[in-house]
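The numbering of the sequence shown is this note's numbering, which starts it at 66 and goes up by one. Heads up, the beta-carbon is just placed ideally off N, CA and C, and yes, glycines get one too.
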Amino acid sequence: MLTISDVGRRFPTGTEALRDVSLRLHDGDFLALLGPSGCGKSTLLRLIAGLDRPDTGTLRWDASAPPGPGEIGYVFQDATLLPWASAADNVWLPLRLRGIARDAAQRDVTTVLDRVGLIGFEAARPAQLSGGMRMRVSIARALVTKPRLLLMDEPFAALDEFTRHRLQEDLLNLWRDIGCTIVFVTHSIYEAAFLARRIVLMTPRPGRIGREMDSPLPRSANTRLDPAYAALVTAVSREMTALLEAP
Ligand code: ADP
């Protein structure tokens with residue numbers, strides 16, 4: 066889907082966020098970008114989204130299918146909902162910005178609210194919803210344009226552990242059901258190991274790809290209790306420690 070070659074990004078402040086980053090993203094991937102805070106994960110995600118440009122290197126989309134408008138969805142750590150609008154109207158927003166009337170959007174809005182488990186809460190305003198439900202609205206809003214690529218920047222970091230686990234499980238089901246490609250930024254080894262099929266470990270700033278690990282784990286509600294999951298977490302921790310301690 067996308068080939069990232071030797072990408073570097075230095076901000077005008079002089080901060081070198083990324084150096085020589087090369088990575089291929091395949092259709093259907095669930096890829097985690099894992100690394101300590103400040104290692105350039107969000108910067109890389111913004112480059113993939115086209116919200117920023119690299120100073121060096123290139124990002125090349127598969128020529129046969131570059132993403133069209135609305136085909137990249139973005140979910141932030143903060144749900145960033147309009148406080149005065151209902152859950153359904155928040156989800157409608159990206160369609161509204163494309164000139165699609167509320168009535169015409171109704172079916173798509175209901176479909177994605179159903180996918181994230183929010184039927185019955187369509188009329189609720191953000192202040193009436195829990196943090197987890199607000200994040201579900203945010204995910205539904207990203208899905209309503211039917212993106213091929215979903216970019217998620219630490220979307221569950223601010224949630225309590227129980228809610229986070231539930232959303233992680235639901236996200237995996239969603240990914241299986243809709244078959245989109247996901248790039249998920251996290252600084253949690255547990256989260257990366259639970260969710261991703263490919264875990265990309267980044268070095269401290271300037272961010273480089275330190276190592277890539279595949280996860281062959283079968284996922285189910287019991288994955289967290291699976292010794293294979295514990296072994297994967299240990300292996301990723303070991304690699305991450307080695308990267309953090311490297312000169
Ligand atoms: P991460 O997502 O891994 O926490 P970021 O990509 O947000 O890391 O940031 C990488 C580094 O670049 C950090 O030191 C951050 O302060 C810096 N940075 C990010 N955005 C900007 C910007 N717009 N201007 C200057 N420095 C920035």
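Residues that residue i bridges to, as DSSP identifies them
i: isoleucine 274; result: Met267
i: arginine 75; result: Glu81
i: alanine 97; result: Phe249, Ile264
i: isoleucine 218; result: Per the sequence shown, residue 218 should be read as aspartate rather than isoleucine. According to DSSP, aspartate 218 bridges with Val250.
i: isoleucine 137; result: Leu214
Simplified DSSP state of residue i, which is helix, strand or coil
i: tryptophan 126; result: strand
i: aspartate 235; result: helix
i: arginine 163; result: coil
i: aspartate 279; result: strand
i: serine 70; result: strand
i: valine 86; result: strand
i: threonine 121; result: strand
i: phenylalanine 259; result: helix
i: glycine 197; result: helix
i: proline 131; result: coil
i: glutamate 187; result: coil
i: arginine 284; result: coil
i: alanine 205; result: helix
i: aspartate 92; result: coil
i: glutamine 171; result: helix
i: tryptophan 157; result: helix
i: valine 181; result: coil
i: tryptophan 149; result: coil
i: aspartate 242; result: helix
i: alanine 192; result: helix
Extent of the continuous beta strand (DSSP E) run through residue i
i: phenylalanine 249; result: 246 to 251
Span of the alpha helix (DSSP H) around residue i
i: leucine 309; result: 292 to 310
i: arginine 111; result: 106 to 114
Whole-Å CB distance - residue i paired with residue j, under 8 Å assumed
i: methionine 217; j: valine 250; result: 7 Å
i: valine 156; j: valine 177; result: 6 Å
i: serine 203; j: leucine 146; result: 7 Å
i: leucine 308; j: serine 280; result: Not a contact, Cβ separation roughly 18 Å.
i: proline 148; j: alanine 205; result: About 17 Å; that fails the 8 Å criterion.
i: leucine 99; j: isoleucine 274; result: That belief does not hold up - the Cβ atoms of leucine 99 and isoleucine 274 are roughly 11 Å apart, past 8 Å.
Chain-ordered list of residues that sit, by beta carbon, closer than 5 Å to a heavy atom of ligand 1: Phe76, Thr78, Thr80, Ala82, Ser102, Gly103, Cys104, Gly105, Lys106, Ser107, Thr108
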